[in-house]
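Visitor:
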Amino acid sequence: MEKKNWPLWEVFIRSRQGLHHKHAGSLHAADEQMAIENARDVYTRRNEGISIWVVESKHIHASSPAESEALFDPANDKVYRHPTFYDIPDEIKHM
Amino acid sequence: MADITALEAHFQNTIDQEIKIEPKDWMPDAYRKTLIRQISQHAHSEIVGMLPEGNWITRAPSLRRKVALLAKVQDEAGHGLYLYSACETLGVERNELVEQLHDGRAKYSSIFNYPTLTWADIGVIGWLVDGAAIMNQVPLCRCSYGPYARAMVRVCKEESFHQRQGYEILLTLSKGTEAQRRMLQDAVNRWWWPSLMMFGPNDADSPHTAQSMKWKIKRFTNDELRQKFVDVCVDQAKLLNVTLPDPDLKWNEERGHYDFGEINWDEFWQVVKGHGPCNKERIDTRRRAHEEGAWVREAAMAFAEKQARRRAEESSQVA
Amino acid sequence: MNHLLNYTLQIADNALILGHRLSEWCGHGPILEQDIALTNLSLDLVGQARSLYQYAAKVEGHGRTEDDMAYLRDEMDFKNVLLVEQKNGDFGRTIVRQFLFDAYHLPFYEALQRSHDETLAAIAEKSLKEVTYHLRYSSEWMIRLGDGTEESHRRVQTALDELWRYTAELFQPSATDEAMLAEGIGVDLGAVKSRWESTVAEILRVATLQQPDSNWMQNGGKAGRHTEHLGYILAEMQYLQRVHPGAEW
Chain A
1 MEKKNWPLWE VFIRSRQGLH HKHAGSLHAA DEQMAIENAR DVYTRRNEGI
51 SIWVVESKHI HASSPAESEA LFDPANDKVY RHPTFYDIPD EIKHM
Chain B
96 MADITALEAH FQNTIDQEIK IEPKDWMPDA YRKTLIRQIS QHAHSEIVGM
146 LPEGNWITRA PSLRRKVALL AKVQDEAGHG LYLYSACETL GVERNELVEQ
196 LHDGRAKYSS IFNYPTLTWA DIGVIGWLVD GAAIMNQVPL CRCSYGPYAR
246 AMVRVCKEES FHQRQGYEIL LTLSKGTEAQ RRMLQDAVNR WWWPSLMMFG
296 PNDADSPHTA QSMKWKIKRF TNDELRQKFV DVCVDQAKLL NVTLPDPDLK
346 WNEERGHYDF GEINWDEFWQ VVKGHGPCNK ERIDTRRRAH EEGAWVREAA
396 MAFAEKQARR RAEESSQVA
Chain C
415 MNHLLNYTLQ IADNALILGH RLSEWCGHGP ILEQDIALTN LSLDLVGQAR
465 SLYQYAAKVE GHGRTEDDMA YLRDEMDFKN VLLVEQKNGD FGRTIVRQFL
515 FDAYHLPFYE ALQRSHDETL AAIAEKSLKE VTYHLRYSSE WMIRLGDGTE
565 ESHRRVQTAL DELWRYTAEL FQPSATDEAM LAEGIGVDLG AVKSRWESTV
615 AEILRVATLQ QPDSNWMQNG GKAGRHTEHL GYILAEMQYL QRVHPGAEW
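Residue numbers (the numbering used here), protein chains in the order written: chain A, 1 to 95; chain B, 96 to 414; chain C, 415 to 663.
#1: Flag B:L176 as yes if its beta-carbon sits less than 7 Å from any beta-carbon of chain A, otherwise no.
#2: So that I know if they touch, is there some Cβ in chain B lying closer than 7 Å to that of C:W439?
#3: Could you confirm whether any beta carbon from chain A is found closer than 7 Å to the beta carbon of B:M396?
#4: Per the contact definition of three or more C-beta pairs closer than 8 Å, is the segment 64-79 of chain A in contact with the segment 107-126 of chain B?
#5: Which of the three DSSP states is assigned to B:N347 in this structure?
#6: Determine the DSSP secondary structure at C:V601, reduced to helix, strand or coil.
#7: Given a threshold of 16 other Cβ atoms within 10 Å of its Cβ, counted over all protein chains shown, does B:M308 qualify as buried or as exposed?
#8: Considering just the uninterrupted stretch of the beta strand (DSSP E) at A:E29, what are its terminal residues?
#9: Decide if A:F124 is buried, meaning its Cβ has at least 16 other Cβ atoms within 10 Å, or exposed.
#10: Suppose the cutoff is 6 Å on Cβ atoms and the five residues either side in sequence are ignored; what does the same chain contact list for B:L335 look like?
#11: List the residues of chain C that B:V187 touches, going by C-beta distances under 9 Å, in chain order.
#12: For the segment 497-509 of chain C, enumerate the residues whose C-beta is nearer than 8 Å to any C-beta of chain B, in chain order.
#13: Chain C partners of A:L27, CB-CB under 7 Å?
#14: Express the C-alpha separation of B:Q365 and A:L27 in angstroms, rounding to a whole number.
#15: Within 7 Å (strictly less), CB to CB, does C:A451 reach chain A?
#16: What is the DSSP secondary structure of A:P7, reduced to helix, strand or coil?
#17: Between which two residues does the beta strand (DSSP E) carrying B:Y353 extend?
#18: Rounded to whole angstroms, what's the CA-CA distance from B:Q412 to B:M396? Just pull it up for me.
#19: Leaving out five residues on either side along the sequence, give the residues of the same chain with a beta carbon under 6 Å from the beta carbon of C:I599.
#20: Which residues, taken in chain order from the segment 554-568 of chain C, show a beta carbon closer than 8 Å to some beta carbon of chain A?
#21: Can you pull the chain B neighbours of A:W6, defined as C-beta to C-beta under 8 Å?
#22: Starting from the N-terminal side, write out each stretch of the alpha helix (DSSP H) that is 4 residues or longer and does not extend beyond the segment 141-211 of chain B.
#23: The ligand SAM heavy atoms versus the CB of B:S410: any closer than 6 Å?
#24: How would you list, in chain order, the residues of chain A whose beta-carbon sits under 8 Å from the beta-carbon of B:G173?
#25: Return the bridge partner residues of A:H21 from the DSSP annotation.
#26: Quick check: the segment 434-444 of chain C against the segment 159-176 of chain B, are at least 3 beta-carbon pairs closer than 8 Å?
#27: Inspect the beta-carbon positions of A:E69 and A:P7 and report whether they are closer than 7 Å.
#28: Taking the beta strand (DSSP E) that B:V337 belongs to, which residues open and close that run?
#29: Between B:G221 and chain C, is there a C-beta pair that is closer than 7 Å?
#30: What residue from C:L496, C:Y467 and C:A605 has the CA that sits closest to C:G638's CA?
#31: Helix, strand or coil for B:W360? Go by DSSP, reduced to three states.
#32: Nearest to C:Q632 by alpha carbon, out of C:T581, C:H658 and C:P659?
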């Protein structure tokens, strides 16, 4: 019987130069080299990428949905962080 | 107890607002179980579905057909992989799901328990089986569970060439020799009814539908999708010059839909229960591939561990 | 004898037959990710074969097509080396066959890029990218399996011992190879051989595998004398075209 399964990896793909790597999905691989190659074979079959990041899923730390109100709601009312908060006469250009 | 009720209300409210549920969000156990069942069945269907078509890769009659079929069957492996991944976000490992398939606890689409007897079957699978699958799958792109919906967006995008690939094969056969046209009609005769069965039992006999619709895991009922499928196939069949094997198939002006004959539900349940023409072969084949691959998976893992150990030793020596 | 036609067919047949063998894995791989990987190799190779057959048909000038080349030639017209027609066996054996061929295929295409024949040079340039990845893939698996578990080591060593006898043929020049080399179209197999030897020695060393010392070599593929396996491959591959002569698919 099998002792150990190949771990799960998360795959991030840069679709073209100048863009962020974006989460594409996950897959199983025995090591990081294989994870990159599997990602290439699975997630870029149609020219979807020019660069790949992989990270073993267990190394991802995520915020908890239970805390999401405390984490994210306080940013809701900080309107002064947005340019539309400030009144500038219409004649002023390029600002 | 009040807590659970409040959580459930909040959960349903989120779904009603068309906000996606994500892996770490609270969800009712039954929702999680339903999703695991449905997504894994879907993944298994992709993987088992590789076999009937895979049969013909080595016999594809031209190099163009050969690469198209290979790429298509490979896509199905990819789709199975995306779906297993979506399922893993619900806290169940792929290996566990694969075991369920191999020991018969998990189901997959019964259509793949029918044999592919001639090259025309490859075309008909693309046209009817993929056509029915697409009909089922497009609404799933809006499913309430985020990872499933995202996997389905990718699947649907990639599937779009599959049906055209099949239909093109059939168009060529329809303009071909008498033997080719005979092959074509024979394949349509064999696959038409099983394709209609792909949408599942009639709504009246589908106990999970109501709950799944409420959770927006399902967006249309089995019968709605089946009707839509029949309606589009009729014209497509005309262009191929084939007869759909149903004497009751005719346009109903009043309903604005085609009427069609009664599905043989005995056959449907027989195949679901494991008595279709190829149930045993399909599972045996999958199991064999998995078992024969065990030493490979083990070796790769052993090597990875060795490498990690070597690296650790090296870095401790440097320090 | 039309050497350019023959030469193109030699290269094409290798790609098609190996691609065909790999396509047999589709749906049966040891894990989903590797199923997909093997199919990618297969698609690359069949793609190379198609470009080469199209060119061969043009060189021949009788209005034949890529499919005529693949589907309507007989066993003795096929010029692939014996190595590529050998059975898949287990995954380890498939990897060994792939590695032994990739280690040849890469320097072969590298040299062919400099061919005086522009079409062959262009096909080589495009194929080289694919084959570079193939060699990387098969080398890594040689190492994983060779240095993995006792069982995996034993399996790949056995496969290596059995397939070794088909390696010398890769470098044995046929009359066509010699004529094409003389015209600056073909590749110097002697140079390819030394590259192959060093790649193989290096990977086997890292993989903790023993290089077989047997000198009993089999050959004949380039001259159309094959092992029994090719007949079965062609019987399966060509059957529809043979049963329905002239039909369009």
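Each residue gets a CB set at the ideal place from its N, CA and C atoms; glycine is no exception.
Guide: Checking against the coordinates, here is how it stands:
#1: The residue you call residue 176 of chain B lines up with position 81 of the second sequence. With 7 Å as the cut-off, B:L176 counts as an interface residue toward chain A.
#2: Residue mapping note: residue 439 of chain C aligns to position 25 of the third sequence, counting from 1. Closer than 7 Å: no.
#3: On the second sequence, position 301 is the one that residue 396 of chain B refers to. Answer yes: the Cβ-Cβ gap between B:M396 and chain A drops below 7 Å somewhere.
#4: yes
#5: Numbered from 1 along the second sequence, position 252 holds the residue referred to as residue 347 of chain B. Strand at B:N347.
#6: Mapped onto the third sequence, residue 601 of chain C falls at position 187. Coil at C:V601, not helix or strand.
#7: Along the second sequence, one-based indexing puts residue 308 of chain B at 213. So B:M308 counts as exposed.
#8: Counting from 1 along the first sequence, the entry for residue 29 of chain A is found at position 29. In the sequence on display, residue 29 of chain A carries Ala and not Glu. Per DSSP, A:A29 belongs to no beta strand (DSSP E) and is neither H nor E.
#9: With chain A covering 1 to 95 only, the question about residue 124 of chain A has no answer from this structure.
#10: As a working note, residue 335 of chain B is residue 240 in the second sequence. Contacts found: L265 and S269.
#11: On the second sequence, residue 187 of chain B is found 92 positions in, with the first residue counted as 1. Within 9 Å Cβ-Cβ: nothing; B:V187 doesn't reach chain C, min ~16 Å.
#12: D504, F505 and G506
#13: Counting from 1 along the first sequence, the entry for residue 27 of chain A is found at position 27. Going along chain C in sequence order, the residues near A:L27 (Cβ under 7 Å) are E447.
#14: Here residue 27 of chain A corresponds to residue number 27 of the first sequence, with the count starting at 1. Here residue 365 of chain B corresponds to residue number 270 of the second sequence, with the count starting at 1. Going by the C-alpha atoms only, they are around 35 Å apart.
#15: Locating residue 451 of chain C in the third sequence gives position 37, counting from the first residue. Chain A contact via Cβ: present.
#16: Counted from its first residue, the first sequence places residue 7 of chain A at position 7. Coil, per DSSP.
#17: What you label residue 353 of chain B is simply residue 258 of the second sequence in a count that begins at 1. H352 to D354 is the span of the beta strand (DSSP E), which, as asked, contains B:Y353.
#18: What you label residue 412 of chain B is simply residue 317 of the second sequence in a count that begins at 1. What you label residue 396 of chain B is simply residue 301 of the second sequence in a count that begins at 1. Approximately 24 Å, taken between the alpha carbons.
#19: As a first step, residue 599 of chain C is located in the third sequence; it is residue number 185 there, counting from the start. Cβ neighbours of C:I599 beyond the five flanking positions: S529, H530 and D531.
#20: E554 and R558
#21: Position 6 of the first sequence holds residue 6 of chain A. Those within 8 Å of A:W6 in chain B are R392, A395 and M396.
#22: 158-183 and 189-197
#23: Questions concerning the ligand SAM fall outside what the structure shown contains, since it holds no ligand whatsoever.
#24: Here residue 173 of chain B corresponds to residue number 78 of the second sequence, with the count starting at 1. Those are V42 and R45, listed as they occur along chain A.
#25: What you label residue 21 of chain A is simply residue 21 of the first sequence in a count that begins at 1. The partner list for A:H21 (beta bridge, DSSP) reads A:R14.
#26: yes
#27: Numbered from 1 along the first sequence, position 69 holds the residue referred to as residue 69 of chain A. Numbered from 1 along the first sequence, position 7 holds the residue referred to as residue 7 of chain A. Not closer than 7 Å, so no.
#28: Against the second sequence, residue 337 of chain B aligns to sequence position 242. Here B:V337 belongs to no beta strand (DSSP E), and DSSP marks it neither H nor E.
#29: Working through the second sequence from its first residue, we reach residue 221 of chain B at position 126. B:G221 does not count as touching chain C.
#30: In the third sequence, residue 638 of chain C corresponds to position 224, counting from 1. Comparing Cα-Cα distances from C:G638 to each of C:L496, C:Y467 and C:A605, the minimum goes to C:L496.
#31: Translated into the one-based positions of the second sequence, residue 360 of chain B becomes position 265. Helix.
#32: As a first step, residue 632 of chain C must be located in the third sequence, where it is residue number 218. Nearest C-alpha to C:Q632: C:T581.
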